[in-house]
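Asks: Read left to right, the sequence shown gives residues 94 to 382 (the working numbering).
Ideal Cβ positions, reconstructed from N, Cα and C, are used throughout, including at glycine.
Quick caveat, the model's predicted, so the values are computed rather than measured.
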Amino acid sequence: MRSVWYVSLSLGIWPCGRFEMAIDDGMFFFPSGKATCTKSFYNFLEDYDGIVSSVLFIAMMATSADEKRVRAHEFLLKYRKAMGEEGSEEEIDPSYYVKEFVKHDFAVCRSIICGFADVFLWYLVAIIQDCGRRRPEILNTNEKISIEDILVRGSKSEIIEFLLDRKINSLSYGGLKGIEAFANETLGISIFQDQESRDAARLLIECRNVYAHNRGFVNEIFIRRLEGSGLELPEIGSRLNFKIHKIIGLINLCVPALVQYDHSLAKKFKIQKKKINTWGSAFPRLSPV
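#1: Assign ALA294 to one of two classes, buried (16 or more other C-beta atoms within 10 Å of its C-beta) or exposed (fewer than that).
#2: List the whole-angstrom C-beta distance separating SER133 from ASP223, where the pair is believed to meet the contact cut-off of C-beta under 8 Å.
#3: Could you tell me the distance, in whole angstroms, from the CA atom of TYR64 to the CA atom of LEU351?
#4: Within 10 angstroms of the Cβ of LEU149, are there 16 or more other Cβ atoms? Answer buried if so, exposed if not.
#5: Going straight from the alpha carbon of SER146 to that of ASP140, what length do you get?
#6: Nearest-angstrom Cα distance between MET153 and GLU160?
#7: Between which two residues does the beta strand (DSSP E) holding PRO124 run?
#8: With burial defined as no fewer than 16 other Cβ atoms inside 10 Å of the residue's Cβ, what is the status of PRO108: buried or exposed?
#9: Could you check which residue in LEU343, LYS127, GLU251 has the C-alpha nearest to that of THR371?
#10: Please report the Cβ distance between ILE151 and TYR304, rounded to the nearest whole angstrom; I am assuming they are in contact, meaning their Cβ atoms lie under 8 Å.
#11: State whether the stretch 311-328 contacts the stretch 276-295, with contact taken as three or more CB pairs (one from each stretch) at a distance under 8 Å.
#12: I think THR131 touches ILE261, with their Cβ atoms under 8 Å apart; what is that distance to the nearest whole Å?
#13: CA-CA distance, LYS366 and LEU358?
#14: Shortest alpha-carbon distance to LYS336 belongs to which of SER157, ILE282, ALA200?
#15: Below 8 Å between beta carbons: does that hold for SER331 and VAL348?
#16: Applying the criterion that 16 or more other CB atoms from any shown protein chain within 10 Å of the CB defines a buried residue, is LYS274 buried or exposed?
#17: With H, G and I counted as helix, E and B as strand and the rest as coil, what does DSSP make of ARG332?
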C-alpha cells in the first residue's frame with residue numbers, strides 16, 4: 094500500500110489548461126504494479142484504468158492541440174514579420190481547446206462516476222463467485238431448486254456454477270446493500286474498513302442510479318437512500334455535476350478499501366494472487382505526450 098501510482102488531471106478545477114501525471118495528492122489512486130491481487134481485482138483495475146484514461150486522453154489531446162496552435166501562431170507572426178508584412182498582431186486564446194473540453198464537464202463527470210460505479214459493483218460480485226468456487230458451502234440456502242435444474246446439468250461443477258450464477262444475479266439486483274450483507278454474514282469479511290469509504294461508495298452508486306434513471310437530477314429517492322451517511326448532499330432538483338477533485342476524492346476512498354478486501358478474501362478462501370504486472374500491464378497505462 095505504501096508504493097502507489099496516481100494519475101492527476103491538473104486543470105486547476107478545471108480551466109487552467111495544464112495536464113500532467115505525477116505522484117502527489119489529488120490524483121486517481123492505483124496500486125503499485127508490484128502489489129499482488131486476484132484476477133478479478135486485476136480485471137477491475139483494467140476497466141477502472143480504461144475509464145480514467147479515456148477522459149485523461151481527451152484532456153491531453155486538448156492541451157496538446159492548444160500548445161501546437163500557439164506554436165503555429167507564433168511561427169506565422171515571425172514569418173509575416175520577416176516578410177515585411179504589416180498589420181496588427183492578432184491574439185489567440187492559448188487555452189481554447191481545453192476550455193472547449195471543460196464545457197463538457199457534466200458528461201465527463203457522468204462518464205467517470207457511472208463507469209466506476211459499474212466496475213466497482215462488478216468486482217464485488219465477481220470476487221464472490223471466486224469464493225464460491227473455492228468453497229461451495231457458502232451457497233447453502235433455503236431457496237428451492239427444481240429437479241429439472243439439477244438433471245440438466247451433468248456434473249457437480251456445473252450445478253455449482255448454476256447456483257453461483259443464480260446467487261450473483263440475485264445480489265446484483267440487490268445493489269450494494271445486499272452485497273455488503275452477504276459479505277458480512279456469509280463471507281465473514283467486511284467490504285469497507287471505515288464509514289468514510291462506505292459512504293463514498295454509496296454516494297457514487299446512488300449518483301450512477303440518478304444519472305441512469307433521472308438524467309442526473311437529484312430526487313427524493315437519492316436523498317432518502319443516503320440519509321444518515323454524514324455526507325453533504327445536494328438539494329432535490331439540482332443536477333449532479335461534481336468537480337474533478339471531488340470525484341477523485343470519492344474514488345480514492347473506494348479503491349484502497351477494495352485492495353484490502355481483495356487481500357482478505359484471497360487469504361481466507363485461498364484464491365490465487367499474482368503481482369499486478371504479472372497478470373498483465375501495470376496501471377495506469379496512459380503516458381503524457
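Replies: Reading it off the structure:
#1: buried
#2: 6 Å
#3: Since the first and last residues shown for the chain are 94 and 382, residue 64 lies out of range.
#4: buried
#5: 10 Å
#6: 11 Å
#7: 121-124
#8: Residue confidence is low: PRO108 scores 35 on pLDDT, short of 50, so the model does not pin down where it sits. No coordinate-derived value is stated.
#9: LYS127
#10: So it is not a contact: roughly 19 Å between Cβ atoms.
#11: yes
#12: Actually they do not touch by this definition, with Cβ atoms about 16 Å apart.
#13: 11 Å
#14: ALA200
#15: no
#16: What sits at residue 274 in the sequence shown is Ala, not Lys. Its Cβ having fewer than 16 others within 10 Å, ALA274 is exposed.
#17: strand
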